[in-house]
Amino acid sequence: MNRLSYLASTFLLISLHCTAASAADIDPALVGQWTGTRDAEGPCQPLSWNVSFDAAGQFKIAFYQDPEKTQFIQSESGTWTAKEGNWVMHTAGVDKPDVYTYRLLDADTLEVVNTQASPASDCQSDYRFVERRVKTDR
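Add 21 to the 1-based position in the sequence shown for this note's numbering, that's all there is to it.
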């Protein structure tokens, strides 16, 4: 029984360490619900989305063909980290991440530049977009 207690304690400590390390790589200013649009003037086709980022490093995103978000394309989920202007999103089932730089224009507006697209991305060019925080009643 002593060995089992040791293994359980070791597992718990490792789990807590991993959780703490993940929290250090999450910019709390990005946690919440956002909406974004990639316009027609860039190198890629127009696209709009709604995305939520949680404090545990998980995201869920829904993509649409139109700015009004009436023509659903697909949804994705995965993990994210963001720190000091560098943002990485790992979509579940995709080997390589999407990599971005970002800066907050204000508390509810985010300017983002895609610098490395995952192989599954619909656009392999670098592009810039703005996301706006979705206000929710709590």
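All C-beta atoms in this analysis are idealised placements derived from N, C-alpha and C, irrespective of residue type, glycine included.
Rounded to whole angstroms, what's the CA-CA distance from residue i to residue j? Just pull it up for me.
i	j	result
residue 51	residue 67	23 Å
residue 108	residue 122	6 Å
residue 3	residue 118	Because the chain spans 22 through 159 in this model, residue 3 falls outside it and cannot be assessed.
residue 88	residue 120	23 Å
residue 82	residue 127	22 Å
residue 49	residue 85	26 Å
residue 150	residue 91	20 Å
residue 104	residue 116	21 Å
residue 62	residue 135	15 Å
residue 71	residue 129	14 Å
residue 65	residue 59	8 Å
May I ask you to report which of helix, strand or coil DSSP gives residue i?
i	result
residue 128	coil
residue 88	coil
residue 77	coil
The beta strand (DSSP E) spanning residue i covers which residue range?
i	result
residue 103	93 to 104
Provide the residue(s) that pair with residue i in DSSP beta bridges, ordered along the chain.
i	result
residue 83	71, 96
residue 119	110
residue 57	70, 152
residue 133	123, 150
CB-CB under 7 Å to residue i, same chain, minus the five flanking residues each way: which ones, in chain order?
i	result
residue 124	106, 132
residue 152	55, 56, 57, 131, 133
Could you name the residues of the same chain whose beta carbon sits closer than 8 Å to that of residue i, not counting the 5 residues immediately before and after it, in chain order?
i	result
residue 79	98, 99, 100, 101
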